[in-house]
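J.: Numbering-wise (my numbering), the sequence shown opens with residue 57 and increments by one. Glycine is no exception: its CB is placed at the ideal position from the N, C-alpha and C atoms.
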Amino acid sequence: MWSSARDILETGVIQRREKMRTNGITAAAFGVIALAVLLGAMPVAAQGELLSLFTFDESSGNPANSVSGVSGGTLTTNRTDSAMPMYVAGQVGNALQFSRSGAAENWVDCTTGGFPKTGAANGWSTGTISLWIKSGDTTNLGGILGAMNLGSHEAFILTTNNAVGTAANSIRLFVRTNNGSDDNYGLNFPTGSPALDNQWHHLLITWDIASNNSSNGGDAKIYIDGGDALAFTRNAYAASSSSSFNAWTYPVRIGGIGRSDTTADMTGLDGALDDVSVWNERLTATQAKAIYNLAVDSLNYGIADADTLFGIFAAGAGAQGDTSDGKTWQYVTGLSGDAGSVVNHTALILDGSGNGVQIIPEPATMALLAIGGVLTLIRRKRK
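(1) Is it a yes or a no for the stretch 119-138 touching the stretch 337-345, going by three-plus beta-carbon pairs under 8 Å?
(2) Just tell me which of 147, 286 and 153 has its CA closest to the CA of residue 116.
(3) Answer with buried or exposed for residue 217, where buried requires no fewer than 16 other C-beta atoms within 10 angstroms of its C-beta.
(4) Tell me, please, whether the stretch 369-385 touches the stretch 131-142 by the rule of three or more beta-carbon pairs shorter than 8 Å.
(5) If you count every other CB in all the chains shown that lies within 10 Å of the CB of residue 255, and 16 or more means buried, which is it?
(6) Going by DSSP, which residues form a beta bridge with residue 333?
(7) Can you tell me whether residue 352 is helix, strand or coil according to DSSP?
(8) Check for me: the beta strand (DSSP E) holding residue 416 runs from which residue to which?
(9) Can you list, in chain order, the residues of its chain whose CB lies under 6 Å from that of residue 408, leaving out five sequence neighbours each side?
(10) Kindly identify the DSSP beta-bridge partner or partners of residue 285.
(11) Does the beta-carbon distance from residue 243 to residue 285 come in below 8 Å?
(12) Give the single residue among 354, 348, 414 and 392 whose Cα lies nearest to the Cα of residue 377.
(13) Out of 139, 359, 150 and 137, which one is the CA nearest neighbour of residue 113?
(14) Could you give the residue range of the beta strand (DSSP E) that holds residue 169?
(15) Within its chain, find whatever has a CB closer than 6 Å to the CB of residue 419; leave out the 5 residues flanking it on each side and keep chain order.
(16) By the three-class DSSP mapping on this structure, what secondary structure does residue 328 have?
(17) Under three-state DSSP, which class holds residue 277?
(18) Is it the case that the stretch 193-200 contacts the stretch 345-353, given that we only count it when at least three CB pairs across the two stretches are under 8 Å?
(19) Excluding sequence positions up to five away, which residues of its chain have a Cβ less than 7 Å from the Cβ of residue 98?
(20) Suppose the cutoff is 8 Å on Cβ atoms and the five residues either side in sequence are ignored; what does the same chain contact list for residue 96 look like?
(21) On the CB-based measure, 16 or more other CB atoms within 10 Å of its CB, does residue 136 come out buried or exposed?
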C-alpha cells in the first residue's frame, strides 16, 4: 500500500514539476509537502523510562497517575479542620496546594504502587525526580515526597529544610535501600533563597546508588530551574551493601513522608507542587534545562510532552510524534543555540551539535510557504 501511495505522490509531484518548468519555476516546495505526508505514519520509539507522573491537572477529586497501569493518589489529611490539599493554578495547568496547622498536615497517599521501581528486588538504584515547587517556608521541615520506616527498612525522602545536618533554606535527599544499618546517603543541597521564595521553581534530582562511596553520594545531582548542578554536603552514612531497593513497606506520600508512625509527625509541606514525576534513569543536565524551558516558554509543556520529545530525539532521523496540543514534532539537525534551549517556540535543541526536534508546519502553512516561494521566484524572473 505504501509503495502505491508513494507512486501516486511522486507522480503528482513530477507532473506538477513538468508543468511549472514551462514557466521556468521550480516545484521543490511540492516535494517537501509530499515528503511530510510520507513521513507522517512513522512511529516514535517507546522510551519506557517514565515510571510515574502526577500532573495534578484535575480541578476536584483524587489525582490520577498519567502513566498507564500505575496507581493514582488519594487526598488525605489529619488536620483538625479536615482541610484537604487544594487544586490551584500551577506552572503547567493545575497544581496541588498543601498546608499544615501545627503538627497536622495534608498530603497525597500514593500507596506502595504509586512510585514503582524496576530492576532486581524492585531496585531503583538509578533514577530521577522532577517537579515544580512553590513555597515560601525556608525554616520548617517540609516533606516533598517520600516513604520510610522509622529506623529500618527502605526509605526515600526528599524534603525542604531538613534539620538533620543542614541549615535552613535547603533541599535534602535521603536514600536507604533496605535496612537501618544499610544507609546509602543523606545529601544536603544548600539552595539559597531563590528555591523557596514563594515563586514557582523547577527541581530535578538524579542519583546512582551503584556509584555510591564516602564522598560522591551516589553521584547525586540537583538542578534548579535548569541551571548548573549544585554541590552537596554528605552526612556520614555507610555505603550500602546492595543497590537494590526492597519493595515499599509503607505508602509513598506527596506533600509529606509516608512512615510507620502515621500520626502527626510535622513533616508536611507548606506549599504547592506540580508535575511530580519519577524516572528509572538519570536525566541529563540538557534534559533538566529542556524541561524547565519547555514549561516557561509559551508552549507551556509539562513532563508528558517533554517525554514525547525526548523519545522522538532518542529514535533519531525520521522519527516524529504528536504533543498534547496536537502539534507534530520531528527529529532535526542544524539548529542554532544552546543545548536544552527552545528556539522560536518551534524547536528544542537536545545536544551540543545542534540536533533536536522541531514542529512540522501544518499542511496549510506549508502550502502558503510554498506559494510564497513561488511568488518570490516569479518576481525574480520578471526582474
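T.: Let's see:
(1) no
(2) Distances from the alpha-carbon of residue 116 to those of 147, 286 and 153 put 153 closest.
(3) Under this definition residue 217 is a buried residue.
(4) no
(5) exposed
(6) 109 and 186
(7) helix
(8) Per DSSP, residue 416 belongs to no beta strand (DSSP E) and is neither H nor E.
(9) 395
(10) Paired residues: none, contrary to the question.
(11) no
(12) 414
(13) 150
(14) Membership of residue 169 in any beta strand (DSSP E) is not indicated, and neither H nor E is assigned to it by DSSP.
(15) Annotation for residue 419: no residue places its beta carbon closer than 6 Å to its own, counting only its chain and skipping 5 residues before and after.
(16) DSSP places residue 328 in strand when its eight states are reduced to three.
(17) strand
(18) Between the stretch 345-353 and the stretch 193-200 there are fewer than three inter-stretch CB-CB distances shorter than 8 Å, so the stretches are not counted as touching.
(19) A caution first: residue 98 carries a pLDDT of 37, below 50, which makes its placement in the model too unreliable to give a value.
(20) In this prediction, residue 96 scores a pLDDT of 38, lower than 50, which makes its location untrustworthy; the coordinate-derived value is nonetheless stated afterwards. Taken in chain order, the residues that qualify are 376 and 384.
(21) exposed
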